[in-house]
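Residue numbers (this note's numbering), protein chains in the order written: chain W, -11 to 328; chain V, -11 to 328; chain B, -11 to 328; chain A, -11 to 328. Below: the structure, in structure tokens.
Protein chains: 4
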Amino acid sequence: MIIILKNDASESHVEEVRQILNERQYGINEVRGVEKTIICAIGAPDADKPQVASQLEAIPGVERVMAILKPYKLVSREGHPDKSIIKVRDVEIGGDQLVVMAGPCTVETEEQLMKAAHAVKKAGAHILRGGAYKPSTSPYSFHGHGVEGLKILAKAREETGLPIITEVLDPRHMDEVCEYADMLQIGMRNMSNFQLLREVGRSKKPCMLKRGQAAKIEEWLQAAEYIASEGNFDIVLCERGIRTFETATRNTFDINAIPATQALTHLPIVADPAHGTGMWQFVPPIAKAAVAAGADSLMIEVHPEPWRALKDGGQSLTISDFTRLMQEIEPIAKAVGKHL
Amino acid sequence: MIIILKNDASESHVEEVRQILNERQYGINEVRGVEKTIICAIGAPDADKPQVASQLEAIPGVERVMAILKPYKLVSREGHPDKSIIKVRDVEIGGDQLVVMAGPCTVETEEQLMKAAHAVKKAGAHILRGGAYKPSTSPYSFHGHGVEGLKILAKAREETGLPIITEVLDPRHMDEVCEYADMLQIGMRNMSNFQLLREVGRSKKPCMLKRGQAAKIEEWLQAAEYIASEGNFDIVLCERGIRTFETATRNTFDINAIPATQALTHLPIVADPAHGTGMWQFVPPIAKAAVAAGADSLMIEVHPEPWRALKDGGQSLTISDFTRLMQEIEPIAKAVGKHL
Amino acid sequence: MIIILKNDASESHVEEVRQILNERQYGINEVRGVEKTIICAIGAPDADKPQVASQLEAIPGVERVMAILKPYKLVSREGHPDKSIIKVRDVEIGGDQLVVMAGPCTVETEEQLMKAAHAVKKAGAHILRGGAYKPSTSPYSFHGHGVEGLKILAKAREETGLPIITEVLDPRHMDEVCEYADMLQIGMRNMSNFQLLREVGRSKKPCMLKRGQAAKIEEWLQAAEYIASEGNFDIVLCERGIRTFETATRNTFDINAIPATQALTHLPIVADPAHGTGMWQFVPPIAKAAVAAGADSLMIEVHPEPWRALKDGGQSLTISDFTRLMQEIEPIAKAVGKHL
Amino acid sequence: MIIILKNDASESHVEEVRQILNERQYGINEVRGVEKTIICAIGAPDADKPQVASQLEAIPGVERVMAILKPYKLVSREGHPDKSIIKVRDVEIGGDQLVVMAGPCTVETEEQLMKAAHAVKKAGAHILRGGAYKPSTSPYSFHGHGVEGLKILAKAREETGLPIITEVLDPRHMDEVCEYADMLQIGMRNMSNFQLLREVGRSKKPCMLKRGQAAKIEEWLQAAEYIASEGNFDIVLCERGIRTFETATRNTFDINAIPATQALTHLPIVADPAHGTGMWQFVPPIAKAAVAAGADSLMIEVHPEPWRALKDGGQSLTISDFTRLMQEIEPIAKAVGKHL
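Given below as structure tokens:
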């Protein structure tokens, strides 16, 4: 931690800084520059740090406090240089295979899901996605079929052999969802629902943590740290677009986040171009871009008839569009050392 | 709903649009301009609309779909032109009184809270704030004392007569928090935790809904609509800063949101300059600005010793700074037709 | 400058860092923490610094480089703790008077400008604004009457005695604009037009520098530094809203920027609520908020008939709305120690 | 144009709307929905529209005005469905060849440029880049060698045969820069420098228009329209990252902008991953992503010794990194139907 003092900081303020650091057992190294004096605070247990920075900022003589250490440990690549491989049944995310998760936004009917499941399987997908519990901005939208949806997903797994991923959004649904799902999805609205994150950690189920709409990468990794701190390391991250000023697309897919996250963490990263763009037309080029940038996995929304979808019709691929995309992605995966 | 067709939309695509609208019982009014054809879709039940727009966007001949109606009803000012007044015990938010909520970020010890409670009461605050359950970006931070904190808050109410507001962040804590609190706070991370919003709606307790860090005003009002749709209309909104590119302050307090929100909803609005700036130095000027812009209430973090605070020390006022602020605010409140 | 080394930085990389710092005559202070090693670079001439940080980042063993010193000197409050007062003829900006600049977005006709000029003078404004050269997002919009507009402005000054402020947007117009204007306005699109900034610096005319739509406060102050570095210190800054994700208002007026900027620079600050909101309805509350937050001056767009305005009709006040605003602002100005 | 009326709009306000539309020769089509009345305004000359929307918003009975037509014509794909191919000497941008522009940020010395020029040529680049006039956030940074830099660039063209692209940032430099350059670069800070855009339009030189840091795609295309409206259609667009809340990378490369822009305009699009990320480590993955997403061209900063670069060292590739990147890109280009 670096504490930058104001030019006119009184000695009593500086002394207060020293005292707080001493009490928290930091080592102190003061560096007097030509214009500024800074204090380098060394050591001390992690749990203490977030609050100490804020305490120091409360002292009038302090101009700014800058963190040096990363605020996450377990998911950091620094202590764990090898990439993690997360197993979902027999599918491995994070290795040489580019894992494709596909399926409809929401389980609407058994017929709809089975049709989608068989089609994505045929086109080469590895994991089936589908929502049973769905968050919606409007209270008047469809919110999923709940446990009935989970049962239909399980049936689709039985028929196709594909492992299933589905969203959990309430700690009170954990048991239910864990009974059916192979992998838990934590949606972007719940990235900072720390109660839920802890429960997912305790469940020990493989999980996919979507990035919050306005979450910095550092905050996203701290959310993953919540899960890991409960003993669950089977975490994959999912970039799904961030909120910016641009309105030509629903979100801005943060392609930089793929290499930037991989540099910071050993966890694999999934790209979700449907939410990342909000428009089906742009899903194929952004899916390809994500693979070229080094994504470990893709999540694609596929619906037999997007114009009848109960949610997200406008960002879902038709079966034929998805099938074509799988073919087009193959040489790109190969170019970056992966296979489908 | 306005559907803008592509210039090269085929007749079969346009026919599909018409068919979907007919099935959902919309009236249709086609307007052929010099360059563009648009379809105005009229009527149909609300619950249907979010999904229909997305379905229409899945049709290749559709360029864009634009909503005309607001996606919230119960909290809209259109159907309810008079401002609502929300009662928290005998305090009225939304009327002529500028209601000040003050207290520490977190209940740390009984001594700390009592000291803060008596001080803010003496300075003229109307409601006592204090966190018992605290969300934190880092899993290694302090997360509050839970029910013990609630009990200390209740004791402070007894001693000072101030109603208390405290955060609820897990549906499983609802009963506990409702037993002690006079007003529920929904934090910015939970603005889109729809499960929690529904429970708050069912509780019928007065509540304060903080704006999400990247929430558009329209989305914020839809979150309020979740609460109202369960029959709880005792909602106040709280602007606490949004996330932008600026890093000189922790968040950007969206002062525009005060009049913009008041134009759209009958619910009162609270300003939280501590989170809105992240820096104690800027709390007084932004608090004054919020009052001048027409805020119904202020929420101010006050700590006897900010440099010892377990959370948010850097954005908390000392007791003497808070006392001075209360004095400085009075003439501004008066200038906009309010009193303290 | 603080250089944070990667945990696995090789000694040869660290040696390269030291060498670059030595060559640029920095002092070096290495601080070895428990997990990280950092290098504090001390001293060295300013002009060298922006490039050195980028050079150091090119070395593979370097994790990050953090600046400690502010990248501006002349406009910094550190070396100049007293606020500056800028004189525009006999009007002083930055003192006890809340200076109001008002007038139409654009000079359209002599009749329109004279009507507006007399009205704003009568209502108590101190400086007349009006555009002769206007930037427009669309090439097909009105771009102002150029020198003819300047002459009309000069005539209005003669009639009303109000000093005039008008925008300059091309270095080739400098002489012309300087001949007529009392104060030069640099628009938000030109905040980083460094050629223009240098010319304004050389002109020695009082000037108002609008903040770029996506400019951090630090960048804005560096833009002011360009002007100051040519010897012109008669600079006022103008906050006019930044671009964020919110679409309910055209821009987000950054109220935080008022105290945050005043903490960093001795230059006065003007608030422009018309551009800051983009909607006439919200101009009065935001104008009041800016005064309460400590703004030194307001710039208000006023038009005799906004629904006939050739530009910015939707964010202009009518004469009667402006007159009422001036009355409402008075007690707020007084509450913060200013007078109109 | 769609005018949405307020529910409580008085008949006199609606009449005012009709009158303004009539005067501007719009056709009027009123659509009365269940809750809202809207007015569809049809036709009328383009030049009139930006101002009319703002005028209508000034009428109290108007809730909102929504544009239907795109605010650009000449660069729109609607009237020009075939992609444009821009010739820079014998290099064609927009066709089957993935055109690579490479070279140092800035011309520092003849030796440095020649070394870089020969190296990028050898690695397969098609156009040489290098700055002679450089904008810089700080007035104390290096600003380029001006005409001396242009002469060195011309010499490098002579030696390597590569056409050269260089930035022009002041209308007063136009003749000079046009004398030497094969292609003009308009930097992100000048995207809305409309005076400069018009001069570039008049020059008839091929040009590359970088996106402003906070420019919506629609505004970017209007900037291109400025150039086209002066008769110069030899425009390529350059996505170089936008400003967002994320601080892990310098900018957020907007990969969505590649397909989104191609859907709206016939102009080719270049990707600049150096500015798009600000970090050399991330340039290769983002360059590959851009190609996979369909970019027509890449601009890459290459420096013989980035740790000695006078500008942008931290985002420049070494010659060997660039050479490797060229090899890695080839199969990706091929996968999307292009060749190097």
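Every residue, glycine too, gets a C-beta built ideally from N, C-alpha and C.
Residue environment: valine 22 of chain B is assigned as exposed (fewer than 16 neighbouring CB atoms within 10 Å of its CB, all protein chains considered).
Considered as a whole, the region 142 to 199 of chain A harbours 162 to 168, 182 to 191 as its complete alpha helix (DSSP H) runs of no fewer than 4 residues, in chain order. Residue-level contact by beta carbon holds for glycine 301 of chain A and chain B, with a gap shorter than 8 Å.
Counting only runs that start and end inside the region 88 to 151 of chain A, the alpha helix (DSSP H) elements of at least 4 residues fall at 98 to 111, 135 to 148. Following the DSSP letters along the chain, one finds glycine 15 of chain B inside the beta strand (DSSP E) bounded by residues 15 to 20. Only residues of its own chain outside the window of five on either side were considered, and among them Ala104, Ala105, Val108, Leu116, Arg117, Gly118, Val290 have a CB closer than 7 Å to the CB of glycine 91 of chain V, listed in chain order. Apart from sequence neighbours up to five positions away, the residues of its chain that approach serine 180 of chain V with a beta-carbon distance below 8 Å are Gly200, Ala203, Glu207, Ala211, ordered along the chain.
Neighbourhood of valine 279 of chain V in chain B, by CB distance below 8 Å: Ala280, in chain order. Collapsing the DSSP output to three states places serine 0 of chain A in a helix. Within the region 185 to 210 of chain V, contact with chain W at the beta-carbon level (separation under 7 Å) is assigned to Gln201, Ala202, Glu207, Gln210.
With a cutoff of 8 Å on beta-carbon distance, leucine 150 of chain B and alanine 111 of chain B are scored as not near each other. Exclusion of the five residues before and after alanine 280 of chain A leaves Ile320, Ala323, Val324 as the residues of its chain whose Cβ lies within less than 8 Å of its Cβ. For asparagine 220 of chain B, the CB contacts under 6 Å within the same chain, skipping 5 residues up- and downstream, are Gly189, Lys192 in chain order. When 8 Å is used as the limit between beta carbons, aspartate 158 of chain A is near these residues of chain B: Pro159, Gln183, in chain order. Looking only at V:Ala283, V:Gln250, V:Pro247, the smallest Cα-Cα distance to proline 261 of chain V is reached by V:Ala283. By the rule that beta-carbons nearer than 8 Å mark a contact, leucine 313 of chain V does not touch chain W. The beta carbon of threonine 240 of chain A sits closer than 8 Å to some beta carbon of chain W. Between isoleucine -10 of chain V and the set V:His1, V:Thr253, V:Glu227, V:Thr25, the nearest pair of CA atoms involves V:Thr25.
In the structure shown, lysine 276 of chain W adopts helical secondary structure according to DSSP, grouped into three states.
Annotated as distal: lysine 276 of chain B and glutamate 318 of chain B, with beta-carbon spacing of 8 Å or more.
Taking the Cα positions, methionine 102 of chain W is about 47 Å away from phenylalanine 130 of chain V. Cβ atoms of arginine 52 of chain B and isoleucine -8 of chain B come within 8 Å of each other, at about 5 Å.
When C-beta distances to chain V are compared with 7 Å, the residues of the region 34 to 53 of chain W below that value are Asp34, Ala35, Pro38, Gln39, Ser42, Gln43, Glu45, Ala46, Ile47, in chain order. Proximity of chain B to serine 0 of chain A at the Cβ level (cut-off 7 Å) is not reached, the minimal Cβ distance being about 12 Å.
Under the three-state reduction of DSSP, methionine 314 of chain W is assigned to helix. The bridge partners DSSP lists for threonine 253 of chain W are W:Ser64. Beyond the five residues adjoining it in sequence on each side, valine 76 of chain A comes within less than 7 Å, by CB distance, of Ile115, Pro151, Asp170, Met171, Pro194 in the same chain, given in chain order. Within 7 Å of the CB of leucine 57 of chain A, the CB atoms of chain V belong to Glu23, Lys24, in sequence order along the chain. Sorting V:Ala120, V:Ser72, V:Leu86 by C-alpha distance to the C-alpha of threonine 94 of chain V places V:Ala120 at the top. Residues of the region 65 to 93 of chain V that bring their beta carbon within less than 7 Å of a beta carbon in chain A comprise Glu66, in sequence order. When CB distances to chain A are screened at a threshold of 7 Å, the residues of the region -7 to 17 of chain V falling below it are Asn(-5), Asn17, in chain order. Under DSSP, arginine 231 of chain V shares a beta bridge with no residue. Within the same chain, Val87, His114, Ile115, Pro151 come within 7 Å of valine 79 of chain A by CB-CB distance, once the 5 residues on both sides are set aside. Note on glutamine 173 of chain A: 16 or more other CB atoms within 10 angstroms of its CB, so buried under the neighbour-count rule.
For arginine 231 of chain B, the chain W residues whose C-beta falls within less than 7 Å of its own C-beta are Phe233, listed in chain order. Within chain B, the residues whose beta carbon sits less than 8 Å from that of cysteine 28 of chain W are Val19, Gly21, Ile26, Cys28, listed in sequence order.
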